[in-house]
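**Q** Using the numbering used here, read the sequence shown as starting at 608 and increasing by one per residue. Yeah, the Cβ is synthetic: ideal placement off N, Cα and C, and Gly gets one too.
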Amino acid sequence: MPNYYQQCIAPDCGAEFDLDARLYVCSRCGGLLDIERREAIDSASLRDLWRQRRTSLDPRDRSGVWRFREFLPFTEETEIVSLGEGNTPLYNAPRSADYCRLPQLNLKHQGCNPTGSFKDTGMTAAVTQARKLGARLVVCASTGNTAASLAAYAARSDLLCAIIVPSGQVSHAKLAQALDYGAKVLEVDGNFDTCMNLIRELAEDESVYLVNSINPFRIEGQKTVAFELAEQLEWRVPDHLVVPGGNLGNSSAFGKGFRDLVACGLIDRQPKITVIQAEGAAPFARFYSDHAHESFVNEEHPQTLASAIKIGAPVSWQKAWRAVRETGGSVVTVTEQEIADAKAVIGRDGIGCEPASATTVAGIRRLVDARVIKGNETVVAVLTGHVLKDTDYVMKYHSDELVGPDGERIVGNFGNSPIRVAVSQDLQDLQDILKIL
Ligand code: F0G
608 MPNYYQQCIA PDCGAEFDLD ARLYVCSRCG GLLDIERREA IDSASLRDLW
658 RQRRTSLDPR DRSGVWRFRE FLPFTEETEI VSLGEGNTPL YNAPRSADYC
708 RLPQLNLKHQ GCNPTGSFKD TGMTAAVTQA RKLGARLVVC ASTGNTAASL
758 AAYAARSDLL CAIIVPSGQV SHAKLAQALD YGAKVLEVDG NFDTCMNLIR
808 ELAEDESVYL VNSINPFRIE GQKTVAFELA EQLEWRVPDH LVVPGGNLGN
858 SSAFGKGFRD LVACGLIDRQ PKITVIQAEG AAPFARFYSD HAHESFVNEE
908 HPQTLASAIK IGAPVSWQKA WRAVRETGGS VVTVTEQEIA DAKAVIGRDG
958 IGCEPASATT VAGIRRLVDA RVIKGNETVV AVLTGHVLKD TDYVMKYHSD
1008 ELVGPDGERI VGNFGNSPIR VAVSQDLQDL QDILKIL
């Protein structure tokens, strides 16, 4: 498919590579790779076509990723590996809006994907490419969600799968998924960054294919969330799009998606892309607030209870920085207490999410306070993982037993602990409990 190629994003390099070159970074300078197109896309009838596909029974049309395949680097003949990903709801969340002191707030719930996180929208593209390349084994390093997602897509495509995770730092739910889907799980003494370094070395082997978000095909799949969101908003993009930041693939993907949409005239501007990090794992936020922006300094010992984003050396920071810079967004941090409270508030909207996702609502509250987000502006926060991904955290918060990474007690300001009822309890007592609810 000559139309698409891979290109190094480093401005002083820009090296180009064939689409099927098995690369993760530029072989000339080590820069990150983008997938680009030589010819512009004629977008005239695409909105109608995409809408029509919603009623089709073709598996590609049922997927919220492949429905937008005109913008994906595959041919019509490609055999796709899909679990019917995407098509996630955009919720109006009045309690969360109130908490942020905004008249309205929309939450795009990527936790409603087949394996419960946003990773599926990228994984369908990356595993499709793995199969196309004839890989034997697909691998990733992970804080849990990438692992669960890859394990599922590998199982669907009969590829062998191995994942490397930091021992004792991944929630049981995510680990359980990976095991159930049949992946080989390697637990390493160290943090996510240790795992990432290790997997990059292992992926030097030709028969192994690495699908962390450093892989540009992952980003191509994930960018379609921007398309789906724009469509849900009738092609009027919000003023602000707010995402959590860990390895920084998600923010990079939104940047790429909105850039593609502007380039072909489907939208007239990009939203400001803002990234929120947990205070103890915030190398990107530090880079952002260091006005010289000279060098990126990794966080040696990242710490947060939001284990999904406990990352100190994000591989995609240059792409995320491009997205933030080009759109005029910002990068801020939030505390463990703020994350925990915001998570509970999102729960009260009947939605729920995992801790990392709640950084968004906590961050928006801060940005409204600081008047970076104005009351009359439209805001979408991206929830990246399902509430059931980390139930230990939820139970501890509601029982007032959550302890932060520095041993600090986290108060269950919106706590809702279970009430113990004895079998012998007087009916009158129980009725009284229900009356004061
Ligand atoms: N939210 C959740 C629930 C995540 O699992 C992750 C990353 C992020 C946010 C951050 O997104 O890395 O694209 O900036 N999880 C990865 C994993 C690292 O291995 O599952 P990012």
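Look at Q884 and R866 and say whether their C-beta atoms are less than 8 Å apart.
**A** no
**Q** Between which two residues does the beta strand (DSSP E) harbouring V792 extend?
**A** K791 to V795
**Q** Buried or exposed, going by whether 16 or more other CB atoms sit within 10 Å of the CB of Q829?
**A** With a 10 Å radius around the Cβ and a threshold of 16 neighbouring Cβ atoms, Q829 comes out buried.
**Q** Any idea what DSSP makes of R644, helix, strand or coil?
**A** strand
**Q** Between the alpha carbons of C802 and A860, how many angstroms are there, rounded?
**A** 22 Å
**Q** Between K726 and ligand 1, is there a pair consisting of the residue's CB and a ligand heavy atom that are separated by less than 7 Å?
**A** yes
**Q** Determine the closest residue to I821 out of T831, A810 and S814, with distance taken between C-alpha atoms.
**A** A810
**Q** Expressed to the nearest angstrom, what Euclidean distance is found between the alpha-carbon atoms of V1030 and I1043?
**A** 20 Å
**Q** Return the chain-ordered list of same chain residues with a C-beta closer than 7 Å to the C-beta of F799, the five sequence neighbours on each side being excluded.
**A** A748, T750, P773, K917 and I918
**Q** Thinking just about the alpha-carbon of each residue, which of A785, S923 and N1020 is nearest to the one in I946?
**A** N1020
**Q** Return the chain-ordered list of same chain residues with a C-beta closer than 8 Å to the C-beta of A647, the five sequence neighbours on each side being excluded.
**A** A870 and C871
**Q** First and last residue of the alpha helix (DSSP H) that includes V952?
**A** E943 to R955
**Q** Taking the alpha carbon of A965 as the reference point, which residue from S689, T911 and E677 has its own alpha carbon closest?
**A** By alpha-carbon distance to A965, the top candidate from S689, T911 and E677 is T911.
**Q** Near A758, what residues of its chain come up, given a Cβ to Cβ distance below 6 Å and the 5 sequence neighbours on each side ignored?
**A** C768, A785, Y788 and A790
**Q** Per DSSP, which one or two residues make a beta bridge with C615?
**A** L640
**Q** Would DSSP call G992 helix, strand or coil?
**A** Correct three-state label for G992: strand.
**Q** Is G828 near ligand 1, with its Cβ less than 7 Å from a heavy atom?
**A** no
**Q** Quick one, which of A963, Y631, E907 and V904 has its alpha-carbon nearest A988's?
**A** The candidate whose alpha carbon is nearest that of A988 is A963.
**Q** Got a sec, what are the start and stop residues for the alpha helix (DSSP H) Q1032 sits in?
**A** It is not in any alpha helix (DSSP H) - Q1032 carries neither H nor E in the DSSP assignment.
**Q** Report yes or no: do three or more beta-carbon pairs, one from the region 926–940 and one from the region 846–859, lie closer than 8 Å?
**A** A contact exists between the region 926–940 and the region 846–859.
**Q** Measure the beta-carbon distance from T881 to G954 and round it to whole angstroms, keeping in mind my assumption that it falls under 8 Å.
**A** With 8 Å as the limit, T881 and G954 do not qualify as a contact, their Cβ atoms being about 23 Å apart.
**Q** Could you tell me which residues DSSP pairs with A622 in its beta bridges?
**A** Looking at the DSSP assignment, A622 forms no beta bridge with any residue, so it has no partner.
**Q** Jot down the residue ranges of each uninterrupted alpha helix (DSSP H) in the region 845–922, minimum 4 residues, whole runs only, in chain order.
**A** Residue ranges of uninterrupted alpha helix (DSSP H) with 4 or more members, entirely inside the region 845–922 and ordered along the chain, are 856–870 and 890–896.
**Q** Taking the runs of the alpha helix (DSSP H) that are 4 residues or longer, which of them lie wholly in the region 687–754?
**A** 701–706 and 726–740
**Q** Is the Cβ-Cβ distance between V968 and A951 less than 8 Å?
**A** no
**Q** Am I right that L782 and D727 are in contact with their C-beta atoms under 8 Å? What's the rounded C-beta distance?
**A** Not quite, the Cβ-Cβ distance comes to about 17 Å (not below 8 Å), so this is no contact.
**Q** From this set, R629, D627, Y611 and D641, which residue's C-alpha is nearest C620's C-alpha?
**A** With distances taken between Cα atoms, C620 lies closest to D641.
**Q** T686: buried (16+ other C-beta within 10 angstroms of its C-beta) or exposed?
**A** The sequence given here has Glu at residue 686, not Thr. So E686 counts as exposed.
**Q** So which of T831, F725, A742 and R669 has the shortest CA-CA distance to A754?
**A** F725
**Q** Give me, in chain order, the residues of the same chain whose beta-carbon lies closer than 7 Å to that of E984; leave out the 5 immediate sequence neighbours on both sides.
**A** D846 and H847
**Q** If I'm right that Y631 touches L740 with Cβ under 8 Å, what's the distance once you round it to whole angstroms?
**A** Not quite, the Cβ-Cβ distance comes to about 12 Å (not below 8 Å), so this is no contact.
**Q** With Y1000 and L1009 assumed to form a contact (beta carbons below 8 Å), what rounded beta-carbon distance in angstroms separates them?
**A** 7 Å
**Q** Taking the beta strand (DSSP E) that I1045 falls in, what are its first and last residues?
**A** Beyond the ends of the chain as shown, which are 608 and 1044, falls residue 1045; an answer cannot be given.
**Q** Under the three-state reduction of DSSP, which class applies to L630: helix, strand or coil?
**A** coil
**Q** Measuring from the CB of G853, is there a heavy atom of ligand 1 at a distance below 7 Å?
**A** yes
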